[in-house]
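Undergrad: Each residue of the sequence shown is one higher than the last, beginning at 2 in my numbering.
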Amino acid sequence: MRALQLIEDRRLETVDLPPPPPPSLGEVTLRIKAVALNHIDVWGWRGMAFAKRKLPLVVGAEASGEVEAVGPG
């Protein structure tokens, strides 16, 4: 999976992440088709985050996709 990570303030990098583990009880795995950046992502990029954060972190909290796998339950 490719993702956009905030490495440090005002520094983004595209990275390859390992595939997710199979879903556990009550979980699903989504195949993401599109992601949007919003104002929270921009504030974080500018170093203006409202909460403590541990970098690096994947940005883009708004996503659209399809259910790929369903865990038990």
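Just so it is clear, CB atoms sit at the ideal spot from N, CA and C, and this is done for glycine as well.
If distances are taken between C-alpha atoms only, which option among E28, P57, R47 and E63 comes closest to R11?
TA: Walking along the sequence shown from the start, residue 11 turns up at place 10. Taking only the C-alpha atoms, the option nearest R11 is R47.
Undergrad: So, is G45 buried or exposed, given that buried needs 16 or more other C-beta atoms within 10 angstroms?
TA: Residue 45 sits at position 44 when you count from the first residue of the sequence shown. The residue in question, G45, is buried, as its Cβ has 16 or more Cβ neighbours within 10 Å.
Undergrad: Using the Cβ count rule (16 or more neighbours within 10 Å means buried), how would you classify L56?
TA: Against the sequence shown, residue 56 aligns to sequence position 55. So L56 ends up on the exposed side.
Undergrad: Using only CA atoms, which one of E67, I41 and L26 lies nearest to V59?
TA: By one-based count along the sequence shown, residue 59 stands at place 58. Nearest C-alpha to V59: I41.
Undergrad: Tell me the DSSP bridge mates of L5?
TA: By one-based count along the sequence shown, residue 5 stands at place 4. DSSP, once it has assigned bridges, lists T15 as partnering L5.
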